[in-house]
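The structure appears below as structure tokens.
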Amino acid sequence: MTGSIPRGMFLTVEGGEGAGKSTQMDVIEAVLREKGIQVLRTREPGGTPLAEEIRTLLLEPREEPVAELTELLLVFAARAQHLTSLIRPALARGEWVLSDRFVDATLAYQGAGRGMSEETIATLRHLVLDGFSPDFTLLLDVPAQRGLERAAARGERDRFEREARDFHERVRESYLGMARSEPHRISVVDASAPLVSVTAAVRSAVAGFVDRIAGSA
Ligand code: Z5A
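This is the structure in structure tokens:
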């Protein structure tokens with residue numbers, strides 16, 4: 006590595022059910038630590054006490070059908086809180102932040118999955134994020150069926166895991182479309198491979214990002 010490490014980078018991990026995000030968050034944190042970078046780990050929906058309460062509202066299976074707009078507003082309400090009270094202050098202090106999911110998940114789940122219009126999502130995105138975007142995103146790509154099998158093996162399924170396979174196929178295609186549109190930000194790793202290979206690919210992608218930004222600093 007040639008240059009110095011810039012302050013305050015925002016990294017996210019995305020992927021469908023059972024892609025292995027939780028597993029690979031540990032790997033990313035370890036790679037960053039090896040490079041002398043401490044990272045603040047967080048997740049969406051959630052990340053602050055209030056946003057975690059909204060997460061519970063969103064994930065718990067319930068008898069009352071949840072209107073699509075209600076779900077979308079809850080997702081962005083949690084994100085507004087997360088961004089204001091955790092992410093932005095940490096970045097302003099020069100810390101690195103690593104989030105398990107962020108706004109790409111809304112485009113994938115509420116947009117492609119639920120079929121909410123791009124305009125509606127774009128309006129809320131503008132209101133809440135005002136142009137804010139991750140500096141680097143790792144997309145763990147796994148075929149929907151494989152991911153659902155992994156998630157099912159863990160036991161109790163949340164409201165999203167109970168959706169049909171079609172829903173999860175649309176989520177996957179949406180994520181891959183985003184990666185094609187933003188290849189500089191989104192790095193795709195084949196998460197259907199054995200864990201040791203996925204881990205090696207993740208290590209290489211994250212190290213590559215750090216070296217790239219340090220080189221250009
Ligand atoms: N959601 C939304 O709709 N809109 C939004 O804007 C946002 C979120 C932000 C909660 O997210 C839900 O919120 C999410 C979308 C919605 N849908 N659901 N459900 P979440 O990220 O908390 O939930 P999750 O997707 O179920 O993530 P998870 O529980 O953390 O699971 P995971 O990240 O996919 O991976 P894991 O726990 O690391 O791995 C799953 C299992 O597979 C586990 O047993 C591992 O040991 C195993 N595994 C991992 N990698 C491998 C490999 N390579 N081979 C074999 N087995 C593996």
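Position 183 of the sequence shown, counted from 1, bears residue number 188 in our numbering, the numbering being contiguous throughout. Where is the CB? At the ideal position from N, CA and C, for every residue including glycine. For clarity, every value in this text was computed on a predicted model and none was experimentally measured.
Three-state class that DSSP yields for Gly21 in the structure shown: DSSP, read as helix, strand or coil, puts Gly21 in coil.
Fill in: Check whether Gly118 and Val71 have beta carbons under 8 Å apart
In this structure, Val71 does not lie closer than 8 Å to Gly118 by Cβ.
Report task. Determine, using beta carbons only, whether Ile33 and Val207 come nearer to each other than 8 Å. Result -> Cβ distance < 8 Å, so Ile33 and Val207 count as in contact.
> Between the segment 37-57 and the segment 127-142, do at least 3 Cβ pairs fall closer than 8 Å?
Replying inline: No contact exists between the segment 37-57 and the segment 127-142.
Rounded C-alpha distance that separates Ala158 from Thr61: Those two C-alpha atoms are separated by around 21 Å.
| query | If you count every other CB in all the chains shown that lies within 10 Å of the CB of Ser122, and 16 or more means buried, which is it? | reply | An exposed status is given to Ser122, since fewer than 16 other beta-carbon atoms sit within 10 Å of its beta-carbon.
Name, in chain order, the residues that DSSP records as bridge partners for Thr142.
Partner(s): Thr17 and Ile191.
**Prompt:** Does the Cβ of Glu49 lie closer than 7 Å to at least one heavy atom of ligand 3?
**Reply:** Inclusion of ligand 3 in the displayed structure is not the case, the ligand content consisting of ligand 1 alone.
Q.
Using 8 Å as the cut-off, can you tell me whether the segment 183-200 makes contact with the segment 144-158, which would need three or more C-beta pairs spanning the two stretches below that distance?
A. These segments touch.
Contact set for Arg155: own chain, Cβ-Cβ below 6 Å, skip 5 residues either direction
If we look at Arg155 and ignore the five residues flanking it on each side, its Cβ neighbours are Gly23.
Requested in this report: Sort out for me which residues DSSP pairs Asp105 with in a bridge.
Outcome: Beta-bridge partners assigned by DSSP to Asp105: Val18 and Arg48.
**Asked** Distance, Cα to Cα, Pro94 vs Leu16?
**Response** CA-to-CA, the gap between Pro94 and Leu16 works out to about 15 Å.
For Ala210, which residues of its own chain have a beta-carbon under 7 Å away from its beta-carbon, when the five flanking residues on both sides are left out? Counting only Cβ-Cβ distances below 7 Å, and skipping sequence neighbours, we find Leu143, Ser192 and Val194.
**Message:** For a test of your reading of the model: does the CB of Pro199 fall under 7 Å from any non-hydrogen atom of ligand 1? Yes or no.
**Reply:** Pro199 Cβ: within cutoff of ligand 1.
Of all the options Leu55, Pro188, Gly152 and Arg167, which has the alpha carbon lying nearest to the alpha carbon of Arg84? Selected option, being the one with the closest Cα: Leu55.
How about Leu112 and Ser186: are their beta carbons less than 8 Å apart?
No, the pair does not count as a contact, with Cβ atoms beyond the cut-off.
**Prompt:** For Leu134 versus Val108, is the C-beta distance shorter than 8 Å?
**Reply:** Less than 8 Å divides the Cβ of Leu134 from the Cβ of Val108.
- Task: Report the three-state DSSP secondary structure of Ser90 (helix, strand or coil).
- Result: Reduced to three states, the DSSP call for Ser90 is helix.
Margin query: Beta-carbon within less than 7 Å of Thr53's beta-carbon, same chain only, minus the 5 sequence neighbours each way: which residues are those?
Written below: Contacts found: Gln86, His87, Ser90 and Leu91.
Put Pro54 into one of helix, strand or coil per three-state DSSP. Three-state result, Pro54: helix.
Worksheet item: For Gln29 versus Val44, is the C-beta distance shorter than 8 Å?
Response: Not a contact, by the Cβ cut-off of 8 Å.
Nearest neighbour of Ser104, chosen from Gly20, Pro199, Thr204 and Ala205 [CA to CA]
Ser104 has its Cα closest to that of Gly20, out of Gly20, Pro199, Thr204 and Ala205.
Report task. Take Gln115 and list the residues in its own chain whose beta-carbon comes closer than 6 Å to its own, dropping the five residues that flank it on each side. Result -> Same-chain partners within the cutoff: Leu77 and Met121.
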